[in-house]
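Just so you know, the sequences run in chain order A and B.
Per the numbering used here, residue 734 is the first one in the first sequence, and the count goes up by one each step.
Per the numbering used here, residue 734 is the first one in the second sequence, and the count goes up by one each step.
From the three backbone atoms N, C-alpha and C, an ideal C-beta is built for every residue, glycine too.
Everything on this sheet refers to the single structure shown next.
2 protein chains.
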Amino acid sequence: MPLTNHKFLLAARPVGMPKRTDWTYVEEPADEPKDGEFQVQVLYISLDPAMRGWVNEVRSYVAPVAIGEVMRALGLGVVTASRNPRFAVGDHVSGLFGVQEYALTDGTGVRKIDARILPLPKYLSVLGMTGMTAYFGLLDTGQPKPGETVVVSAAAGAVGTIVGQIAKIKNCHVVGIAGGPEKCRYIVEDLGFDAAIDYKSEDVRRSLRQHCPKGIDVYFDNVGGSILEAALANLARGARIVICGAISQYCSTAPVAGPSNYMSLLINRASMKGMLVMDYVDRYPQAGAEMAAWMAAGKLKSREDIVEGLETFPETLLKLFKGENNSKLMLKVS
Amino acid sequence: MPLTNHKFLLAARPVGMPKRTDWTYVEEPADEPKDGEFQVQVLYISLDPAMRGWVNEVRSYVAPVAIGEVMRALGLGVVTASRNPRFAVGDHVSGLFGVQEYALTDGTGVRKIDARILPLPKYLSVLGMTGMTAYFGLLDTGQPKPGETVVVSAAAGAVGTIVGQIAKIKNCHVVGIAGGPEKCRYIVEDLGFDAAIDYKSEDVRRSLRQHCPKGIDVYFDNVGGSILEAALANLARGARIVICGAISQYCSTAPVAGPSNYMSLLINRASMKGMLVMDYVDRYPQAGAEMAAWMAAGKLKSREDIVEGLETFPETLLKLFKGENNSKLMLKVS
């Protein structure tokens, strides 16, 4: 008696904010593993801003999701059937399992998880791609030094919360930019940022000048647009801008706004560099061990925003683009 | 009987292209040196795109030229009177002498020149700030490796011609972007670039794709605007963009166009970094010696576009912004 699989297929390339009709919700029997493959029951699905880029038909760092294909997503699950000697039934694993209940894989890009150490959702947040992005983007690309000023945008988001906390661990002065008083309170009071700027009620350029009197040494950008310009207007000499994302632009139907004051890079002998976490895959174990130790020591906290129900995917995804998520957004598959 | 000095003072902050009425042409007696100072008869005045930025009232890497002040300019001259033990009458020197016939200086930032080795104008072009900008911008910021593809804009200009030739010396595949068939012919046939793209008659984005089939590894940008966007659209993984200037934007009265496709930096794990030649002043002698050796070996050529007459300054300067200069533009003071 085969299992039933529910999944979301890409039906149309979204224009602006994705709509429910951009996806097709399908019910069909789950596939059985062939030789070398195994079946994963997906327990949690990571919802990430990058997913908006994956459904655009443009040249990028990965091929776009094809029309009719299962929507691409990172996830975490348990092996339910296996014809692969490296993975046994009952193993917990993470990988690109897609927005569905049961995934079939040959193990490419799949990592095993020790579910006894931390609650499973942590392996999609601080110990998953999210945490790795923060860790390598800040430390490897941003190269913060003790006493320097680090600014992060989308600071109450999944990556931003971790960036700011690691910067504090590295003895930096840390300023977060977030939307609304509750997010600003959270990053300062609960996470220990030195200051927060509410972009919904403040003039970000002026507030950055106030909170960063010596200028910004490292700016970790998740948003692009006018906040990137405000940061460029407040750089210290030799500043490093880490380009991690541009969520303000992903669902915009207007032409992307490039930073009009990019010549601040010349005036300040500064750099702007893009990073992709997948380039650091060989170093994930070392970073994961270090971050787990920080968590155990109470220096690194994470919060997961878990929404139940695979079928809510189209609407839940939009929380990211409306700034309605609290840190790491994920789906719990019922 | 004191000498007569002619000089250009800044009269108004230019809007768009500078006009003659933005300057005042003044005749007055030349000042005599006080203790520690010396007088320089200016022989050649360097005309550089950066001068357009120096007259804007904005925060930059140097203070703006004040209204009523002598227009700032690099120059080269001979000491005509001295009360400074380090500089003797007859010494040839270069420094920020301004747009005038006689400058008074205490020697800050002044370098002596050995006028017996090369014709004087070479010390304002390939062996001056121009050459140093090309040398350090390409080698230190761009970090080209043998076999890599290097693209330079304003390729027939003062800096661009040197960037391209040094890249050839370093065994790179070199593509120059210039305006018009004569400039394109010059950089390929006379200077040995591998290819030239005429931005006035070609689709630069498409031509870059054709001439850089493996993508651009180093893009040396002197122009900004749509050509920077075309380069961003054709980066190789790990590309380095050197931000040296943005001449397409300096005289524009429209808002500066930021590169709308800057997220190519993320897709390609690429960087964009600003450079200012003054940061390398300690290494000028070593770079000058290396470039002089390349010139002696016939590997590095330079061309100077010398216009006679201090009084032509306002109109001659505009040649830069209209793309009418042939490589290094300078005034010969009669």
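| Item | Value |
| --- | --- |
| C-alpha distance - Lys878 (chain A) paired with Arg938 (chain B), whole-angstrom precision | 39 angstroms |
| Whether Tyr856 (chain B) touches Met1063 (chain B) by CB criterion (8 angstroms) | no |
| Residue range of the unbroken beta strand (DSSP E) whose run includes Pro1047 (chain B) | Taken as a continuous stretch (DSSP letters only), Pro1047 (chain B) belongs to no beta strand (DSSP E), being part of the alpha helix (DSSP H) at 1046-1054. |
| Asp1038 (chain B) - DSSP class collapsed to helix/strand/coil | strand |
| Which of helix, strand or coil DSSP assigns to Arg844 (chain B) | strand |
| CB contact check: Tyr1017 (chain B) to chain A, cutoff 8 angstroms | no |
| Start-to-end residues for the beta strand (DSSP E) that takes in Gly909 (chain A) | 906-911 |
| Proximity test, Cβ basis, 8 angstroms: Leu999 (chain A) and chain B | yes |
| Proximity test, Cβ basis, 8 angstroms: Lys1055 (chain A) and chain B | no |
| Cβ shell of Leu807 (chain A) (< 8 angstroms), same chain only, five flanking positions each side left out | Ile778, Ser779, Asp781, Ser827, Gly828, Leu829, Phe830, Leu857, Gly861, Met862 |
| Stretch-stretch touch, CB-based, cutoff 8 angstroms, three pairs: the region 921-938 of chain B with the region 891-909 of chain B | yes |
| Span separating the alpha-carbon of Gly912 (chain A) from that of Glu770 (chain B) | 58 angstroms |
| Under 9 angstroms (Cβ pairs) to chain A, residues found in the region 1002-1016 of chain B | Arg1002, Ala1003, Ser1004, Met1005, Lys1006, Gly1007, Met1008, Leu1009, Asp1012 |
| Inter-residue spacing [alpha-carbon to alpha-carbon] between Val759 (chain A) and Pro751 (chain A) | 18 angstroms |
| Minimum Cβ-Cβ distance from Val883 (chain B) to chain A less than 8 angstroms | no |
| Contact with chain B by Ala990 (chain A), beta-carbon distance below 8 angstroms | yes |
| Minimum Cβ-Cβ distance from Ala979 (chain B) to chain A less than 8 angstroms | yes |
| Helix, strand or coil at Thr882 (chain A) [DSSP, three-state] | strand |
| Nearest-angstrom Cα separation, counted from Ala972 (chain A) out to Asn1001 (chain B) | 21 angstroms |
| Segments of 3+ residues assigned as beta strand (DSSP E) that fall wholly inside the region 787-858 of chain B | 808-815, 825-828, 835-838, 844-846 |
| DSSP state of Met750 (chain A) mapped onto helix, strand, coil | coil |
| Chain-order list of residues whose beta-carbon lies under 7 angstroms from that of Lys933 (chain B) (same chain, five-residue window excluded) | Gly912, Gly913 |
| Bounding residues of the beta strand (DSSP E) (the contiguous stretch that carries Pro762 (chain A)) | 756-762 |
| Cβ distance (whole Å) where Glu1115 (chain B) is taken to contact Leu743 (chain B) below 8 angstroms | Because chain B spans 734 through 1067 in this model, residue 1115 (chain B) falls outside it and cannot be assessed. |
| Through-space distance from Leu968 (chain A) to Pro946 (chain A), alpha-carbon basis | 10 angstroms |
| Inter-residue spacing [alpha-carbon to alpha-carbon] between Arg849 (chain B) and Ala1025 (chain B) | 13 angstroms |
| Which of helix, strand or coil DSSP assigns to Ala1020 (chain A) | helix |
| Nearest-angstrom Cβ-Cβ length linking His825 (chain A) and Val811 (chain A), presumed shorter than 8 angstroms | 6 angstroms |
| Chain A contact residues for Ile949 (chain B), given Cβ-Cβ distances below 8 angstroms | What Ile949 (chain B) touches in chain A: nothing, since even the nearest Cβ is about 15 angstroms away. |
| Whole-Å CB distance - Asn955 (chain B) paired with Gly978 (chain B), under 8 angstroms assumed | 4 angstroms |
| CB contact check: Ile778 (chain A) to chain B, cutoff 8 angstroms | no |
| As assigned by DSSP and simplified to three states, the class of Ser959 (chain B) | helix |
| Beta-carbon gap between Ile960 (chain B) and Ile910 (chain B) smaller than 8 angstroms | yes |
| Whole-number beta carbon distance between Val892 (chain B) and Ala867 (chain B), since they are thought to touch under 8 angstroms | 5 angstroms |
| Where the alpha helix (DSSP H) containing Tyr983 (chain B) begins and where it ends | 980-983 |
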